[in-house]
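In this note's numbering, the protein residues as written are 206 to 465.
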Amino acid sequence: ENNPGRAKTDPTLSGPERDPDGAVLPNARFPDMRALVERIHARGLKAGLYSSPGPYTCGRCTGSFRHEEQDAQTYAKWGFDYLKYDWCTCRLVGAEPDGYILPFLKMGKALAALDRDIVYSFNDGAAKRMPSLWGRHVNANCWRISGDVFDTWTSVSTAIDMCRKLYLYSAPGGWNDPDMLCVGPVRYNDFRESRLTPNEQYTHISMWALLAAPLMIGCDMTRMDDFTRSLLTNDEVIEIDQDELGKAAGCIAAGEDWEV
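Written out as structure tokens, the structure reads:
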């Protein structure tokens, strides 16, 4: 999408955000979205994109505010398989705490009405709103249960702690999402190697698998070392995450210095 703010320094992001009929427009970097998706599909992969129920995304690209049905139809026409929908600028249009579910329901209904299956993932911007309780009711397939996770143990362990009692809400068709995996050269570290120690990375990957979480690689895949590659391609660990029952692990008992 075109980005008026960043277009001042990057002309590939300049141009109208929507056409006269209101359809969202791609930018000069990817002028033919349908062809791009077909190229991805030809390699046996799925294609996803990112938007917001607000007027703009967190990166200040065009959001879907008041264009939910139209954008859903555009995504289907382009052939996309996955939508990440992020709260971001909803506060700019007066979405108050008592109405934070409605913006996600609008897109959920629009996606459900399509002839194409599109995985619907959302981030409501505040884990205290307990999206695990209502995510399925807006037709979502996964929902963020924590803030952004960074490549520090404090951040990873906080996300793990937030999942301790949410395992009952994760099952086939709808999943708790504690955010991306922070191994390898990650964006939040200027694409330098993860600041997590090797043992912390083992725990990070293992817990996400036990939690039946979406496993989304958050690093530069062209620069992975052998250690990171071994973490992300461990068939036995992935099999735990992809178990057919889809049951997530949770804390069922705990003492002062122990947990089950």
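Ideal Cβ placement from N, Cα and C applies to all residues, glycine included.
Comparing C-alpha positions only, which one of Met385, Trp348, Val229 and Val442 sits nearest to glycine 313? Trp348
Tell me, to the nearest whole angstrom, how far the beta carbon of leucine 386 is from that of methionine 421; I am working on the premise that it is less than 8 Å. 6 Å
Proximity below 9 Å, CB of valine 343 to CB of leucine 319: No; because the gap between Cβ atoms is not below 9 Å, this pair is not in contact.
When you compare only the Cα positions, how much space is there between arginine 434 and glutamate 274? 39 Å
Confirm, please, whether the CB-CB distance from valine 465 to threonine 408 is below 9 Å. no
Cross-strand partners of aspartate 431 (DSSP beta bridge): DSSP output for aspartate 431 lists no bridge partner at all.
Along the chain, where does the alpha helix (DSSP H) containing asparagine 404 start, and where does it finish? 403-415
Work out the CA separation of leucine 437 and asparagine 404 for me, nearest whole Å. 14 Å
Enumerate in chain order the residues of its own chain whose CB-to-CB distance from proline 383 is below 8 Å, with the five nearest sequence positions on each side excluded. So the qualifying residues of the chain are Arg349, Ile350, Ser351, Val354, Ala364, Ile365, Met367, Cys368, Trp413, Leu416 and Ala418.
Run through the stretch 260-339 for me and flag every whole alpha helix (DSSP H) of 4 or more residues, listed as ranges in chain order. Considered as a whole, the stretch 260-339 harbours 273-283, 307-317 and 336-339 as its complete alpha helix (DSSP H) runs of no fewer than 4 residues, in chain order.
Please confirm if the stretch 256-272 is in contact with the stretch 284-297, defined as three or more CB-CB distances below 8 Å between the two stretches. Judged by Cβ distances under 8 Å, the stretch 256-272 makes contact with the stretch 284-297, as three or more pairs qualify.
Using the three-state DSSP reduction, which class does alanine 252 fall into: helix, strand or coil? coil
The stretch 250-260 / the stretch 209-224 touching (three or more Cβ pairs under 8 Å): no
Out of Asp440, Asp286 and Ser337, state which residue places its alpha-carbon closest to the alpha-carbon of tyrosine 325. Asp286
Go ahead and label tryptophan 380 buried or exposed: buried means 16 or more other beta carbons lie within 10 angstroms of its beta carbon, across all protein chains shown. buried
What do you get for glutamine 406, buried or exposed, if any count of 16 or more other CB atoms within 10 angstroms of its CB means buried? buried
Cα-Cα separation, arginine 265 to aspartate 322: In this model, arginine 265 and aspartate 322 are separated by some 27 Å (Cα to Cα).
Which of the three DSSP states, helix, strand or coil, is assigned to valine 229? strand
Given a threshold of 16 other Cβ atoms within 10 Å of its Cβ, counted over all protein chains shown, does aspartate 215 qualify as buried or as exposed? exposed
Please go through the same chain and pick out, in chain order, the residues whose beta-carbon is closer than 8 Å to the beta-carbon of phenylalanine 396, but skip the five residues on each side of it. Pro390, Cys424, Asp425 and Arg428
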